[in-house]
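J.: Below is one structure. I have some questions about it.
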Amino acid sequence: MAEAHQAVAFQFTITPEGIDLHLSYQALNQIYLSGLRSWKKRISRIKNRIIKGVYPASPSSWLFVVIAILATMYMQSDPSMGLITKIRDLPITGQTVLSVLLFSTLLWLSLILALRFCLKLLLSYHRWMFELHGRISTKTKVWATLVRLLSSRKPLLYSYQTSLPHLPVPSIKDTLERYLESVKPLLDVAGFQRMTRLAAEFEKSLGNRLQKYLKLKALWATNYVSDWWEEYVYLRSRSPIMVNSNYYGMDFLYVTPTATQAARAGNTITALFLYRRKVNREELNPSRIPGTVIPLCAAQCERMFNTTRMPGEETDVLQHWQDSEFVAVYHRGRYFRLWVYRAGRLLSPREIQYQIQRILDDPSPPSPGEDKLGALTAGNRTPWAQVRKQFFSSGVNKRSLDCIEKAAFFVTLDDQEEGMMGENPSVNLDRYAKSLLHGKCYDRWFDKSLSVVVYKNGKNGLNAEHSWADAPIVAHLWEFTLATDAFHLGYTADGNCRGEIEHSLPPPQRLSWDIPLQTHVSESLAVAQALADDVDCHVFPFREFGKGRIKKMKMSPDSFVQLALQLAYYRDRGTFCLTYEASMTRLFREGRTETVRSSSNESCAFVLALEDREHCRKLFRKASEKHQNLYRLAMTGSGIDRHLFCLYVVSKYLGVESPFLKEVLSEPWRLSTSQTPVQQMELFDLVNHPEFISLGGGFGPVADDGYGVSYIIMGEEMINFHVSCKHSCTETDSHKFGSQISQAMMDLMTLLNPDFKEATKANPDKRS
22 MAEAHQAVAF
32 QFTITPEGID
42 LHLSYQALNQ
52 IYLSGLRSWK
62 KRISRIKNRI
72 IKGVYPASPS
82 SWLFVVIAIL
92 ATMYMQSDPS
102 MGLITKIRDL
112 PITGQTVLSV
122 LLFSTLLWLS
132 LILALRFCLK
142 LLLSYHRWMF
152 ELHGRISTKT
162 KVWATLVRLL
172 SSRKPLLYSY
182 QTSLPHLPVP
192 SIKDTLERYL
202 ESVKPLLDVA
212 GFQRMTRLAA
222 EFEKSLGNRL
232 QKYLKLKALW
242 ATNYVSDWWE
252 EYVYLRSRSP
262 IMVNSNYYGM
272 DFLYVTPTAT
282 QAARAGNTIT
292 ALFLYRRKVN
302 REELNPSRIP
312 GTVIPLCAAQ
322 CERMFNTTRM
332 PGEETDVLQH
342 WQDSEFVAVY
352 HRGRYFRLWV
362 YRAGRLLSPR
372 EIQYQIQRIL
382 DDPSPPSPGE
392 DKLGALTAGN
402 RTPWAQVRKQ
412 FFSSGVNKRS
422 LDCIEKAAFF
432 VTLDDQEEGM
442 MGENPSVNLD
452 RYAKSLLHGK
462 CYDRWFDKSL
472 SVVVYKNGKN
482 GLNAEHSWAD
492 APIVAHLWEF
502 TLATDAFHLG
512 YTADGNCRGE
522 IEHSLPPPQR
532 LSWDIPLQTH
542 VSESLAVAQA
552 LADDVDCHVF
562 PFREFGKGRI
572 KKMKMSPDSF
582 VQLALQLAYY
592 RDRGTFCLTY
602 EASMTRLFRE
612 GRTETVRSSS
622 NESCAFVLAL
632 EDREHCRKLF
642 RKASEKHQNL
652 YRLAMTGSGI
662 DRHLFCLYVV
672 SKYLGVESPF
682 LKEVLSEPWR
692 LSTSQTPVQQ
702 MELFDLVNHP
712 EFISLGGGFG
722 PVADDGYGVS
732 YIIMGEEMIN
742 FHVSCKHSCT
752 ETDSHKFGSQ
762 ISQAMMDLMT
772 LLNPDFKEAT
782 KANPDKRS
């Protein structure tokens, strides 16, 4: 193979005259340039460690401290109060200048620790979130000024990590009170009395014992929830991660930048590697609470690329590699390794397009069993772990599997056309969502942290494994990718990528397999196919109004949507249910998510009143304020479910049973919801280019008899919804529920603004 020959830097043969050495200067040059790139990355990492290690100070501030100390010494004053003299008397120093340098360095490090401690204390203050807009207290104003002063120096991506506070452990009493309040509207009188009794017994007996262990862990660990959440909720699950765990992200709704599949793949791959470069160099600005200087934890970015979920018989393992210079590509049943770096440089988008086109034009058929090999990652985890151990531990299979698992990410060149197109765009949009969620069950590698899908007509999308990070992290990456692809890299007039081509590039490497395991693949595929066929997806853009009109009513857009979902579910099922809304806890170090129990006493009272048409507006605003308060409590570490989850884990470690915890953690979430935040609106000029609107992404239903609802608030005038459920449940229907959501949104807006209905009739084009 050509690439194998080029990888050999020298050859030698032994002859009667001696050793005949043949050097390949081209190969040696490639090795030199690749090594140079590696050393540059090492130096960059060391530099970044120093810069973020002294934040919020700067490395140059050390020189300022030294000069200040030397100046005071020159003026016959001793700012050290005799310490410099004592340091000079030590046998290891001796010189006055050396003693001053040592004292200055110790003083500088002490000042850094003091500044960092002050910043940590400031970031532990969360009362500002609970203050009404326009009624900010003097205390909060002073606090905001101090945070801005300590954050004035431009930070790197991870600069704030050591200054972020640890997630606090709520008191048992507060958590139980909030829990009972959350389930009261969902239980009858007898059921609520029973849960109240169980909660009281738990608090008096086992609860306090478990709480002590949990507080001990909180003192020792960076975050008392995240490691257990990752292991027990994600990695120990033995069911398929396809649909049940992985989630997806979509392309632009109205625009496809190019219809050339290879070109779209070229720009998408380039944009992803440019983002990876920014992550590695820590050039990304730390994420913040919108409209504030309050930083969010960036720890989840560390395993974004070069990461694979390895199957295990009892628990999976997340494996992350420091670097990878290639991607794994799947096309028509064949796997390829595509190098995107050559001689230490990232290939141009045009060169990557050229390489992708080579794969598309390759006429070779799949080897036996190769085409559906990816189904192993879509089925149950234990059989996949056993097969991997038996057939992929050595030889050609291990080498090829290593190429996939060590790749920066996975790319599927899909031979289907997807998107909102044709005579029935709504149906095609739903099919597009299902394709990204599960595909054909064998043409994605669901274990990879990121699997990019590029369709025949140029549409693209993303499937993400869930254990390493939550949706906002992937959404940030995908926003950058779409914006860089469309606005910065761009395309030529004929739809090709820009840039020059080095035609001496070695072709993509076809991976080889020896697969005597078709039976195992077929079994995993059958499990995955049954799961995929059962999923019912419906995606629809809600265009009647967006956050602009909602905010004019002085309401939170998220609370508005959540109350619409409560109303829609009640109309759909005639009852209320336990509702999950994901809230982030990234105000704390290594924070991930907490649950907002959106179905509250106030929301249920409002829905019932709306159906009776009495006192609706007052109850609506009361329910909205309650939801906002629940969301803020979840964000600031005072949620319910992660605390109860960790108490349950401790009880399992101690080998004790709690009827209360067992019942709480077995309650089904029949309505699971999540908002996909738009974090980089500056990348999209929706005023001049309103067609460049992202569809957001979605996920599968959490409960067999429930709904999964994801929504993204785009700009001022649109909200995109993704609804999922299961065909096997006769009581759920994604299209029917989608219609209920739309109607509920309209009814709530009409309730707040009676003139809205007439305005909508006067402008029917808004609905089209």
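Under the numbering used here, the first residue of the sequence shown is numbered 22, with each subsequent residue one higher.
Think of the CB as a built atom: it goes at the ideal place given N, C-alpha and C, for glycine as much as any other residue.
Bear in mind that the values here come from a model prediction, so they are computed numbers and not experimental data.
(1) In angstroms with no decimal places, state the Cα-to-Cα distance between leucine 668 and cysteine 750.
(2) In terms of DSSP beta bridges, what is lysine 747 paired with?
(3) In angstroms with no decimal places, state the Cα-to-Cα distance between methionine 770 and alanine 589.
(4) Starting from serine 604, follow its DSSP beta bridges and name the residues at the other end.
(5) Based on the DSSP output, what are the partners of serine 715 in its beta bridges?
(6) DSSP on proline 316, reduced to helix/strand/coil?
(7) When the distance is taken between beta carbons, is lysine 61 closer than 8 Å to asparagine 301?
(8) Just the C-alpha distance for tyrosine 76 and arginine 285, rounded to the nearest angstrom, thanks.
(9) At 3 residues or longer, what runs of the beta strand (DSSP E) sit wholly inside the region 363-436?
(10) Would you decide whether proline 307 is buried or exposed? Buried here means 16 or more other CB atoms lie within 10 Å of its CB.
(11) Note down, in chain order, each residue of its chain lying with its Cβ closer than 6 Å to the Cβ of arginine 355, except the 5 sequence neighbours on either side.
(12) Considering serine 672, what are the terminal residues of the alpha helix (DSSP H) in which it resides?
(13) Closest by CA to isoleucine 536, which one among Tyr181, Val670, Gly416, Leu457?
(14) Can you say whether methionine 739 is buried or exposed, counting buried as having 16 or more other CB atoms within 10 angstroms of its CB?
(15) Can you say whether tyrosine 275 is buried or exposed, counting buried as having 16 or more other CB atoms within 10 angstroms of its CB?
(16) Looking at C-beta atoms only, is the number of pairs between the region 303-318 and the region 515-525 that lie closer than 8 Å three or more?
(17) Sort out for me which residues DSSP pairs tyrosine 351 with in a bridge.
(18) Looking at the structure shown, is phenylalanine 561 part of a helix, part of a strand, or coil, going by DSSP?
(19) Would DSSP call methionine 766 helix, strand or coil?
(20) Alpha carbon to alpha carbon, how far is leucine 394 from threonine 540?
(21) Name the two residues that bound the continuous beta strand (DSSP E) containing serine 731.
(22) Are valine 723 and valine 744 touching if we call contact CB-CB under 8 Å?
(23) Determine the closest residue to tyrosine 674 out of Lys572, Leu231, Ser81, with distance taken between C-alpha atoms.
(24) Measure the C-alpha to C-alpha separation of phenylalanine 627 and leucine 584 and round it to an integer number of angstroms.
(25) What's the gap between the Cα of arginine 366 and the Cα of arginine 58?
(26) For glutamine 761, which three-state DSSP category applies?
(27) Mark alanine 211 as exposed unless 16 or more other C-beta atoms lie within 10 angstroms of its C-beta, in which case mark it buried.
(28) From Tyr463, Ser472, Glu346, pick the residue whose C-alpha is nearest to that of proline 529; which is it?
(29) Counting along the chain, where does the alpha helix (DSSP H) carrying valine 264 start and finish?
(30) What residues match up with methionine 739 in a beta bridge as DSSP calls it?
(31) For the beta strand (DSSP E) containing glycine 482, list its first residue and its last residue.
(32) To the nearest angstrom, how far is the alpha carbon of proline 316 from that of leucine 608?
(33) Should methionine 656 go down as buried or exposed, given a rule of 16 or more other Cβ atoms within 10 Å for buried?
(34) Can you give me the Cβ contacts of serine 292 inside the same chain, cut-off strictly under 6 Å, excluding the 5 residues immediately before and after it?
(35) Is the number of C-beta pairs between the region 231-246 and the region 398-417 that are closer than 8 Å three or more?
(36) Any idea if isoleucine 157 is buried or exposed, counting beta-carbon neighbours within 10 angstroms, 16 or more meaning buried?
T.: Taking the structure as given:
(1) 33 Å
(2) Val556
(3) 14 Å
(4) Glu615
(5) Phe273
(6) strand
(7) no
(8) 40 Å
(9) 431-434
(10) buried
(11) Pro387
(12) 662-675
(13) Gly416
(14) buried
(15) exposed
(16) no
(17) Tyr356, Thr433
(18) strand
(19) helix
(20) 11 Å
(21) 728-735
(22) no
(23) Leu231
(24) 9 Å
(25) 8 Å
(26) helix
(27) exposed
(28) Glu346
(29) Looking at the DSSP string, valine 264 is not in any alpha helix (DSSP H), and its letter there is neither H nor E.
(30) Met735
(31) 481-485
(32) 7 Å
(33) buried
(34) For the sequence presented, residue 292 should be read as alanine rather than serine. The answer, listed in chain order, is Thr502, Thr505, Asp506.
(35) no
(36) exposed
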